[in-house]
Structure formats: C-alpha cells, structure tokens
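Chains A and B, in that order, give the protein sequences.
Position 120 of the first sequence, counted from 1, bears residue number 120 in the UniProt record's numbering, the numbering being contiguous throughout.
Position 157 of the second sequence, counted from 1, bears residue number 157 in the UniProt record's numbering, the numbering being contiguous throughout.
Each residue gets a CB set at the ideal place from its N, CA and C atoms; glycine is no exception.
Number of protein chains: 2
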Amino acid sequence: MLPFDTLIPIDKSSGLPAYQQVTHLIIKHIRNGVIKPGLLLPGTREMAGILKLHRKTIIAAYDELTAQGWTSVIPRKGFIVSEDLPEIKPKQWDKDTTGYAFNSKMPGPFYPINKMGLLTPAPDTKQPNLIVDDGHPDSRLAPMVQLHREYRSRLKQQHVVKQVSVTLSAGTPKLREAMVTYMAQTRGLQMQTENILITHGAQMSIYLAASLLLKSGDYVIVGEPGYYVANQVFEHMGARIIRVPVDKHGIDITAVEDACQKYPVKALYVIPHHHHPTTVTLSPERRMRLLEMAEQFNFSIIEDDYDYDFHYTSSPYLPLAAGNHHNRVVYIGSFSKALSATIRIGFMIAATDFLRQAIYLRRIIDLRGDHVMEESLAALLSNGDISRHLKKVNKIYCERRDYLCTLLDTHLKDVVHYTKPDGGMAIWLVFDKRYPLSEISVKAAKYGLFINNGKLFDSPDVHYNALRFGFASLNFEEIKEVVEIITKTVN
Amino acid sequence: MLPFDTLIPIDKSSGLPAYQQVTHLIIKHIRNGVIKPGLLLPGTREMAGILKLHRKTIIAAYDELTAQGWTSVIPRKGFIVSEDLPEIKPKQWDKDTTGYAFNSKMPGPFYPINKMGLLTPAPDTKQPNLIVDDGHPDSRLAPMVQLHREYRSRLKQQHVVKQVSVTLSAGTPKLREAMVTYMAQTRGLQMQTENILITHGAQMSIYLAASLLLKSGDYVIVGEPGYYVANQVFEHMGARIIRVPVDKHGIDITAVEDACQKYPVKALYVIPHHHHPTTVTLSPERRMRLLEMAEQFNFSIIEDDYDYDFHYTSSPYLPLAAGNHHNRVVYIGSFSKALSATIRIGFMIAATDFLRQAIYLRRIIDLRGDHVMEESLAALLSNGDISRHLKKVNKIYCERRDYLCTLLDTHLKDVVHYTKPDGGMAIWLVFDKRYPLSEISVKAAKYGLFINNGKLFDSPDVHYNALRFGFASLNFEEIKEVVEIITKTVN
Numbered sequence: 001m002l003p004f005d006t007l008i009p010i011d012k013s014s015g016l017p018a019y020q021q022v023t024h025l026i027i028k029h030i031r032n033g034v035i036k037p038g039l040l041l042p043g044t045r046e047m048a049g050i051l052k053l054h055r056k057t058i059i060a061a062y063d064e065l066t067a068q069g070w071t072s073v074i075p076r077k078g079f080i081v082s083e084d085l086p087e088i089k090p091k092q093w094d095k096d097t098t099g100y101a102f103n104s105k106m107p108g109p110f111y112p113i114n115k116m117g118l119l120t121p122a123p124d125t126k127q128p129n130l131i132v133d134d135g136h137p138d139s140r141l142a143p144m145v146q147l148h149r150e151y152r153s154r155l156k157q158q159h160v161v162k163q164v165s166v167t168l169s170a171g172t173p174k175l176r177e178a179m180v181t182y183m184a185q186t187r188g189l190q191m192q193t194e195n196i197l198i199t200h201g202a203q204m205s206i207y208l209a210a211s212l213l214l215k216s217g218d219y220v221i222v223g224e225p226g227y228y229v230a231n232q233v234f235e236h237m238g239a240r241i242i243r244v245p246v247d248k249h250g251i252d253i254t255a256v257e258d259a260c261q262k263y264p265v266k267a268l269y270v271i272p273h274h275h276h277p278t279t280v281t282l283s284p285e286r287r288m289r290l291l292e293m294a295e296q297f298n299f300s301i302i303e304d305d306y307d308y309d310f311h312y313t314s315s316p317y318l319p320l321a322a323g324n325h326h327n328r329v330v331y332i333g334s335f336s337k338a339l340s341a342t343i344r345i346g347f348m349i350a351a352t353d354f355l356r357q358a359i360y361l362r363r364i365i366d367l368r369g370d371h372v373m374e375e376s377l378a379a380l381l382s383n384g385d386i387s388r389h390l391k392k393v394n395k396i397y398c399e400r401r402d403y404l405c406t407l408l409d410t411h412l413k414d415v416v417h418y419t420k421p422d423g424g425m426a427i428w429l430v431f432d433k434r435y436p437l438s439e440i441s442v443k444a445a446k447y448g449l450f451i452n453n454g455k456l457f458d459s460p461d462v463h464y465n466a467l468r469f470g471f472a473s474l475n476f477e478e479i480k481e482v483v484e485i486i487t488k489t490v491n
Numbered sequence: 001m002l003p004f005d006t007l008i009p010i011d012k013s014s015g016l017p018a019y020q021q022v023t024h025l026i027i028k029h030i031r032n033g034v035i036k037p038g039l040l041l042p043g044t045r046e047m048a049g050i051l052k053l054h055r056k057t058i059i060a061a062y063d064e065l066t067a068q069g070w071t072s073v074i075p076r077k078g079f080i081v082s083e084d085l086p087e088i089k090p091k092q093w094d095k096d097t098t099g100y101a102f103n104s105k106m107p108g109p110f111y112p113i114n115k116m117g118l119l120t121p122a123p124d125t126k127q128p129n130l131i132v133d134d135g136h137p138d139s140r141l142a143p144m145v146q147l148h149r150e151y152r153s154r155l156k157q158q159h160v161v162k163q164v165s166v167t168l169s170a171g172t173p174k175l176r177e178a179m180v181t182y183m184a185q186t187r188g189l190q191m192q193t194e195n196i197l198i199t200h201g202a203q204m205s206i207y208l209a210a211s212l213l214l215k216s217g218d219y220v221i222v223g224e225p226g227y228y229v230a231n232q233v234f235e236h237m238g239a240r241i242i243r244v245p246v247d248k249h250g251i252d253i254t255a256v257e258d259a260c261q262k263y264p265v266k267a268l269y270v271i272p273h274h275h276h277p278t279t280v281t282l283s284p285e286r287r288m289r290l291l292e293m294a295e296q297f298n299f300s301i302i303e304d305d306y307d308y309d310f311h312y313t314s315s316p317y318l319p320l321a322a323g324n325h326h327n328r329v330v331y332i333g334s335f336s337k338a339l340s341a342t343i344r345i346g347f348m349i350a351a352t353d354f355l356r357q358a359i360y361l362r363r364i365i366d367l368r369g370d371h372v373m374e375e376s377l378a379a380l381l382s383n384g385d386i387s388r389h390l391k392k393v394n395k396i397y398c399e400r401r402d403y404l405c406t407l408l409d410t411h412l413k414d415v416v417h418y419t420k421p422d423g424g425m426a427i428w429l430v431f432d433k434r435y436p437l438s439e440i441s442v443k444a445a446k447y448g449l450f451i452n453n454g455k456l457f458d459s460p461d462v463h464y465n466a467l468r469f470g471f472a473s474l475n476f477e478e479i480k481e482v483v484e485i486i487t488k489t490v491n
C-alpha cells in the first residue's frame, strides 16, 4: 500500500477544512502519477485510521473526489481511482503562449523585469539598499498616521463601507465635495462635483482622457523629451505622436503652431509645472497662447499638473484649466505626490458630458477606488492637514534640493549638468557623454544603489544620457550616500 | 477705494502662504470684474496696513501678479492692473462639451447618477439606510484590523515604501510569492510568480484580458443572463457578443459548440462558481468539455472565478486553469470578496508571455497598486489569517443564506422564486411579473432601502425582473428588516 500518511499530511493549523486538504492532496498525487488509475483506495474507516482523522472527514473527501470524477464507487468494494481520467499530468503554464491568439505586439519599449518583478538595470543587480526614484515624495513625512486613523474609524461605519455598492465609479461624494473647495482655493478652478472624477492615480486619468480623445491615426502633440508612460498610452491608442521641443519656458509654442498648420491635431498633452522630465515651468504667456490655439485649431488639451503643489521660490502659475479653457481642457492631478507614491488617488477635472463618459470607462476598467480611503483623504483635506503638510514638506524639499545641488557642484561638477528647478521633487541631471549612465547604473548596483540607466526618456532619435534625480524622498544622509556612490562609479 | 480688507480676507489657519492667498484673491476679483483693468493698486506699505500683513508679503504678492501678467509696474507710481488682460471672466465648465472632439458614444447602458454620484433607482431616493448589494462580503467580519496593523508597521520601512519606484506593475514580489502557495493549496494551480499579475480589482483583469484577446469585430461567447460589466468591456472593445444560455449546470456547452461551428470565436468568458447573476456552478464535465473545445476551436477562456472561496455544502470544483488548460486559460480572481469591497486587489494568472503583455498594459493604465497594502495582504495569507477568516465567514454566510431563504418562503412565497445557491454571497431572486422591481425599488427607497430596479441584467431582448440579493453583508436583523420592507412594498 502507498504511504498515505506521508502522502497526505494534514495541517491542522491551516484554515482549510481537513476533508478539502485530503481531496486536494489525493488529486495532486493522481495528477502526478503517484496514485494510479484503477487503484482501490483504502476503505474510509482504514484511511481514517491512517490519517488520524474522523471517518466522516474521509467520507466527505471521497464523495468530493467522486463528484469531481477523480474516483468512482464500486459497489461493495469501495472507491477506485477512475480509469478515464480527464487529465493525468500536472499542468504547468508554459513560457510560450501558443494557446492564446492575442495581440502580442504592445507598442513602446518593454523594460526587462527579473523574477521578482523588479526593473533590472543590469543582470547582476542585488535588491538595492538605496533607490533614486524619479520624483517621489517622502512618505515618512506624510500624515499617514492621521490618514489611517480616519480610515480605521470609518471601517466601523457600515453605511460608509456599503456605499460602494451604490456609488458609481466617480469617487466618493465627500471627496469630490472637498475637492471643489480645495481646487478653488489652491488653483482657482471654478467647478462643481459633476466636473470631478477620482481615479486610481493620475495615470488612469491620462489613460481615460486618451481613450476618449484619440483613435487610431489621430495626431497628438507632446513635449520632447517627455513623459514616456503618457507617450506609451498614446501609442497604445494608435495615435500619431508629434514631438515638439521643450525649452526653458516649457513646450515650444511656435513648433506647436507649425504642427497644427500641417496636421489635424486632435489633442495636446502638456505638463505645465515642471515638465517631465526636464522640470521647466510653462510660462503664463505660453499658457494663454495654447488656450487660444486650442480654440483656433480645434484640439483638446490634456493638462497633467502633477507637480502644482510643490514650489519653493515662487507661487505656482494658475492652471490652463483655470483660464479661458473653452471646455477644451482635461485637468489631471494626483494626491500621490502630496502623500505617498503608494496612495493611488488621482483626479480628472473636465466638462460634465466628457466626464460622464470618463466615469463609464473608468467603471469598466476597475469599477471604483477604495471609498474608505477616499473619505479619509476628504477628511484630511477639509481639516487642513493636507495644506499644513504641504507647507511643511515644501520647506524640507527645498532644503534637500539645495543640499543636492551643493553636493553635485562639489563632487560631480565635470560629470553632470543641470538647471536648478523652481519646485517639484526631481532634478533633470544630464551626464556628460564620457560617463554613460548605462555603465554607471550597473556599477552603482554593486554598491546597493538603484539608479535608472538613462534610457527611459530616449526618443527614437535621441539618447539623453540623463535621469531624473528624485531628491524629495531622500534625507540629507541618503542624498550624501547616493552622491558618494555615483562619485565612486565615475572615478 | 475698494474695500480691500473685505475683498481679501486672509485665513491664517489655512496652510496656504498669505502672499499666495492675496495673489489668488486679487486674480479672482480681476476675473470677476470687481477689480478693473487700469486700476492702480494701493502701495505695498498701504496695502500691508489695510490687510494687517507684513509689507514683504504684499511685495511678494504684487511681484507674483506681475510675473503672471495680471499687473504691470508703472515706475514711480506702483502696480496697475493690466489693460490687456488675457481673460476677464471666471470660466465655469459647461454642461455641453462643445470644446472636446471626442467619442461621446460609449456602448452599453449608462445608468443615471444623481449629483452625489449615486446610482438613482428613482428620482426621489434619499440616501438609503439599508442597502441590498449584489453580493458583497461583510467587512465588519473581516480581519481589517490585522490588515491595517500590517500596513502601519510597513509604512515605517522605507525600503518597502520606496520599492514602488523600481517595481513594475505586476504587484509586489512578496504577494506574488504568497499567492503561488495559496493558489496551489486552495485551487490546485501549478504556477510561478511569473504567471501572476496583481490588478486593481478583478475587473481590471477582465479589462486587460479583453484588451489583449479581442479586437473590433471579434466574437466572444458569454452566458445569458450574464455579468453586465464584463459584457460592457467586450462591447467597448468592439467585440461581437454571442449570448449562450445558462442552465442549472452552468453555461450550455452544446450552444457553445454550435456557436463555434458558425463563427470564428476568439474567446469565451465563463464564471465557473456561482455564475453571475444566477449563481449556478459549472459542472466538472462541462469544464472538461470547454477545455477540449478551446483547443478544438482555437479560442481562449477568460475564467472569472470570483466566488471560489465561498462554498457551504460541498467543496468547490477545481478551476479550469488547474486542468488541461493548454495555455489557453486566463484565470481571474479577487480578494475583495474575502475581505471587503473596498480592498481592490484582484489577480490574473496566465502563461508568462501573455502575462507580460498584460503587465505592460496595466502599467500604462494605472502604473501600479498600493504596494504596502499588497505586502500587508501577503502577510495575512502567509500567517493563515485569510484562511481562518474564510472558514469563519463561510459558516456565518451559510447561516445568513438559510435565514434569508426561510424569511422569503414565509413572507414572499408568491412574490419571488429562487434556487438556493451552493455558495457565494447572493441569491438570484426572480420577482413574479405582477410585482415589477422598477416599482418595488421606488417604494423601497421611501423606507430607506436601496435595492436595484431589476434592469441591470436585462439583455436587449429579455427583461428578467430579477436581482441578486446579497445576503452576506447583512446580519440577521438587517436581513429581517429588508424582507419586511419588501413585503410592505408588495402589499
């Protein structure tokens, strides 16, 4: 007889009922060929003795196996393993997907990931101790304790939790109401709750806007260099991307006008505060001109104002969406920068009709967000915690920016060049061609530092050898350590 | 002179710097026409006196206004409001979206929402006290305190929080590893971390699978009646939907075969446990046959096994994805049912190549999930909290189901008919045609009860006058109250 006691070990601390464990293990052994077709299983009483289980448990397991077709009942003999098993080997998933007939050609670069799902700048990267991100906030400073206190208190309120079942995908009403006030106070935006959609991060708002505005073959204008993930969205829609230079005042509006005269442009994607990646701010004059051109050439503007809340030396400029927008602007922002990259709450502001379509699309993509978290955020917006936090971190981030600049000027003067940004969380750091970032990132990995390989922002024609150095999430000590490691890699 | 002290009230408790408040308010009044072009603003010293602010604050505000083009400096006179203002009226967002040239015709029904973003079964609905959802768990029973304890402890670990910046969108490695074990133990699925993608709810997995498998004009088979949000996804892809009857053993496989012989079917969407909405379980024989047909007719299977963890009288059947799947199955599930509808963590399991494309697409849709929450869930999976919780709630939900059935048999015998489901969180409750749910839902709303109007599951040709009565999220008292209200509405 097979050693059933070792083949079928029961884990009493597991949450799974014992009869299910028996069932699953027997199926597993049948599949693996350990228990063969035609085998007569021990009687229920005998098996109960072997496995030290109640006989009823074994009866339940055998019944289950029979119901699923793995065993058959032979009257007066017992249960035998079926001869005509539907499947006799364990089914692994292959690497090749011969089975699916699917669209396997996703546009855009596909970054290599290792087994752990991590982006790999180089094959020998260890799990890094230090990470240079491309502009994340320092969540150690964020009012996460307050946020989670609000969250916990709401978990006990059944009507809040149950609201998800009747609320559509626009976001929780309390957060949308709090946003009306907050957007008016901070950005001069005049709107109603009907104009706001809460999304799972700002990225989802970009995806929704692009889905609604662009179809295959349509023209869209973006800044170059630009935010590659937005470009990938436009490519996914099949849009034709017109790349327009970005100078120190933002996107080049003469080039935009030229493009509009040549092509029937459907949309323009613009990052007015701290253009991604170069961190420049779009000047007020250009903002006005873009709004006029949108009307003149009949295109829509996707305004991705992810960095509005972070300014160190001057006030931010009001959004295009606060200006003469002619219902042509889709305004996008996020709370991930104010709090933590893990808090995935973004928003879209647009005219009602457009927004209703976006709500429909958001719903079929992911139904809705975490409404309890949304209501918790609403509380922090209303009680001023978010504004106070922003005031505090603007001061700290400004100091970190200055500290990083000092270190760069001292240790990497001949290696990098940059323009100190007015705000935001990153410096656009261009490395001299003698120091390829592809090599630096590999060397840095050996010191436990992750920095990207400088290829993220490359367009088909240009290699920048540059990265966004996110200084906001690193304290002085960490900034110092990072610069020291980079200095080692270039010497 | 204008009453600047009342026009420009400064809120010292606000987080916004005073100079920004002054700037924004002056811009607001210029826009509203209160402060006219050509007006000479009070000198900085005078304005500081009026507003009881430091003179430096006023200088900063005036400089900012000038930088933004709202005022100009007249040497030796001061600051005047610019004559050539780019915009002079406040821009509201219109209802009509004349500005956007967008695809305004979303497919499928668009449910009316009221100003609060709530689905309105009737215009006079108050915010409901009681809600009958379509099968949500009772989050009051879920280990949310444990989950949030894990969350808080991770917030302090910078490397966990920072991991988001290097981790791609597949989900946190710890959760994917925990899933490999959990899926093998509970579902007999044999796979690696490379086969798992964590998504923002199961809905996102459906959207991703449909995006990859279907293009405009492709045929997809679904059960009828069926899960309307999945159907809306397929419609959005431009797919042609073939509706196949669902009987008490699940989707009708003869009808599936007929359809495959007539049309080049690309995909089949199946809900094996507790078909949505009718709650029937797909029999093991039909599972085998579907897998064979997928190979024979060259289609892929989207297996939406949202209800696998909830069985009251028997063990669940193993998924199609655990069988002879020929790399043709995309297996989809969620933790929203195990924990709370607010926890939006779903997953997709498929062959590696397919999954990598899904990861790419997920990334451009919403970058990633909340990795801290994902790691917290991983901890609860690994320490057995989830399994123990499921064991506990299966007992409680079973009792709630039985209690509801008793009440229905007692009070609504002639009004509704239903088949008691083996598991899951809802009963498919068909109302007699004499009692239209459209009327019942309106009446119920007056008693503070939200139930849907029975139209959600209608196909173009069929009106079911039925709803999914989610019993799991209601305790005995609440179930009793709901049945009492429904009873009142039909008498």
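Notebook entry, point to check: With a Cβ-Cβ cutoff of 8 angstroms, do tryptophan 428(B) and threonine 313(B) count as a contact?
Noted result: The Cβ atoms of tryptophan 428(B) and threonine 313(B) do not sit closer than 8 angstroms to each other.
Notebook entry, point to check: What three-state label does DSSP hand isoleucine 440(A) in the structure shown?
Noted result: Reduced to three states, the DSSP call for isoleucine 440(A) is helix.
Next item on the list: Only counting runs of 3 or more residues, tell me where the beta strand (DSSP E) segments fall wholly within the stretch 206-231 of chain A, in order along the chain.
Entry: Counting only runs of 3 or more, we get 219-224.
Checklist line | Run of the alpha helix (DSSP H) containing arginine 363(B), from where it starts to where it stops | finding: It spans 352-366 - the alpha helix (DSSP H) in which arginine 363(B) sits, taken as one unbroken run.
Note to self: Does isoleucine 451(A) pass the burial test, meaning 16 or more other C-beta atoms within 10 Å, or should it be called exposed?
What the structure shows: Buried: at least 16 other Cβ atoms inside 10 Å.
Note to self: Is the beta carbon of arginine 468(A) closer than 8 angstroms to that of alanine 426(A)?
What the structure shows: In this structure, arginine 468(A) lies closer than 8 angstroms to alanine 426(A) by Cβ.
Margin query: Can you look up methionine 237(A) in the DSSP assignment and give me helix, strand or coil?
Written below: Look at methionine 237(A) here: in three-state DSSP terms it is coil, with no helix or strand label.
Next item on the list: Whole angstroms is fine: what's the gap from phenylalanine 110(A)'s alpha carbon to serine 169(B)'s?
Entry: Low confidence applies to phenylalanine 110(A): its pLDDT is 42, below 50, so where it sits in the model is not reliable, and the reading given next is rough at best. The alpha-carbon separation between phenylalanine 110(A) and serine 169(B) amounts to approximately 12 angstroms.
Margin query: Just to check my reading of the structure: aspartate 11(B) and isoleucine 50(B) have Cβ atoms closer than 8 angstroms, yes? What is that Cβ distance to the nearest angstrom?
Written below: The C-beta separation of aspartate 11(B) from isoleucine 50(B) comes to about 16 angstroms, leaving the pair out of contact by the 8 angstroms criterion.
Checklist line | Short Cβ contact (8 angstroms threshold) for threonine 342(B) with histidine 200(A) | finding: Contact flag unset, no.
Margin query: Given this structure, state the Cα-to-Cα distance separating leucine 355(A) from alanine 209(A), to the nearest angstrom.
Written below: Take the alpha-carbon of leucine 355(A) and the one of alanine 209(A): they are about 9 angstroms apart.
Next item on the list: Taking all protein chains shown into account, decide if valine 244(A) is buried (16 or more other Cβ within 10 angstroms of its Cβ) or exposed.
Entry: It is buried - the Cβ of valine 244(A) has at least 16 other Cβ atoms within 10 Å.
Margin query: Quick check on the DSSP output: the alpha helix (DSSP H) that includes serine 387(A) runs from which residue to which?
Written below: First-last of the alpha helix (DSSP H) with serine 387(A): 385-411.
Margin query: Can you tell me whether valine 256(A) is helix, strand or coil according to DSSP?
Written below: Valine 256(A): helix per DSSP, three-state reduction.
Checklist line | Alpha-carbon to alpha-carbon, alanine 472(B) and serine 340(B) | finding: Across the structure, serine 340(B) and alanine 472(B) are spaced so that their CA atoms are roughly 11 angstroms apart.
Checklist line | Residue interval of the alpha helix (DSSP H) (run including phenylalanine 476(A)) | finding: First-last of the alpha helix (DSSP H) with phenylalanine 476(A): 476-489.
Item checked: threonine 44(B) and tyrosine 62(B) closer than 8 angstroms at C-beta -> Yes.
Check: Which whole runs of the alpha helix (DSSP H) in the UniProt domain "HTH gntR-type" (16-84) of chain B are 4 residues long or more, in chain order?
Finding: Along the length of the UniProt domain "HTH gntR-type" (16-84) of chain B, whole alpha helix (DSSP H) runs at least 4 residues long occupy 18-32, 44-51 and 55-67, reported in chain order.
Next item on the list: Report the partner residues of proline 245(A) according to the DSSP bridge assignment.
Entry: Proline 245(A) is bridged to Glu224(A).
Item checked: Length of the line joining the Cα atoms of methionine 348(A) and aspartate 304(A) -> Distance from the CA atom of methionine 348(A) to the CA atom of aspartate 304(A), rounded to whole angstroms, is 9 angstroms.
Check: Near isoleucine 131(A), which residues of its chain fall below 6 angstroms by C-beta distance, leaving aside the five closest residues on each side in sequence?
Finding: Around isoleucine 131(A): Phe450.
Notebook entry, point to check: What does DSSP give as the partner residues of aspartate 304(B) in its beta bridges?
Noted result: Bridge partners of aspartate 304(B): Ile332(B).
Note to self: Pop quiz: phenylalanine 457(B) and proline 225(B) are said to be a contact at Cβ under 8 angstroms. What is the actual Cβ separation, rounded to whole angstroms?
What the structure shows: With a beta-carbon spacing of about 5 angstroms, phenylalanine 457(B) and proline 225(B) fall inside the 8 angstroms limit used to define contacts.
Notebook entry, point to check: Taking 8 angstroms as the CB-CB limit, is methionine 183(B) close to chain A?
Noted result: Residue contact check for methionine 183(B) against chain A: no CB pair falls below 8 angstroms.
Next item on the list: Determine the contact status of isoleucine 206(B) and leucine 175(B), defining contact as a CB-CB distance below 8 angstroms.
Entry: Not closer than 8 angstroms, so no.
Notebook entry, point to check: So, isoleucine 35(B) versus valine 81(B), is the Cβ gap smaller than 8 angstroms?
Noted result: Contact annotation: isoleucine 35(B) and valine 81(B) have beta-carbon atoms nearer than 8 angstroms.
Next item on the list: Leaving aside the five residues before and after leucine 213(B) along the sequence, list all residues of the same chain whose C-beta is less than 7 angstroms from its C-beta, in chain order.
Entry: Answer for leucine 213(B): Lys266, Ala267 and Ser300, listed in chain order.
Note to self: Here's the rule: buried if 16 or more other CB atoms are within 10 angstroms of the residue's CB, otherwise exposed. What is methionine 1(B)?
What the structure shows: Using a 10 angstroms sphere on the CB of methionine 1(B), the tally of other CB atoms stays under 16, which defines it as exposed.
Next item on the list: Give the C-beta separation of glycine 188(A) and alanine 322(A) to the nearest angstrom, bearing in mind that I take them to be a contact with Cβ-Cβ under 8 angstroms.
Entry: Rounded, the Cβ-Cβ distance is 4 angstroms, consistent with contact.
Check: Going by DSSP, what residues sit across from phenylalanine 450(B) in a beta bridge?
Finding: Paired residue(s): Ile131(B).
Next item on the list: Rounded to whole angstroms, what's the CA-CA distance from glutamate 439(A) to leucine 291(A)? Just pull it up for me.
Entry: Each residue's CA atom was taken as its position, placing glutamate 439(A) and leucine 291(A) some 43 angstroms apart.
Margin query: Would you say glutamate 64(A) lies against chain B (beta-carbon separation less than 8 angstroms)?
Written below: Chain B has a Cβ within less than 8 angstroms of the Cβ of glutamate 64(A).
Margin query: If I follow the unbroken alpha helix (DSSP H) through valine 180(A), where does it start and stop?
Written below: First-last of the alpha helix (DSSP H) with valine 180(A): 173-187.
Check: Taking only beta-carbon atoms, is methionine 204(A) less than 8 angstroms away from chain B?
Finding: Chain B, which has a Cβ nearer than 8 angstroms to the Cβ of methionine 204(A), makes this yes.
Notebook entry, point to check: Using a threshold of 7 angstroms, is the CB atom of serine 300(B) nearer than that to any non-hydrogen atom of the ligand FAD?
Noted result: Judged by which ligands are present, the structure shown has none, so any question about the ligand FAD falls away.
Next item on the list: Consult DSSP for phenylalanine 431(B) and reduce its assignment to one of helix, strand or coil.
Entry: In the three-state reduction of the DSSP assignment, phenylalanine 431(B) falls in the strand class.
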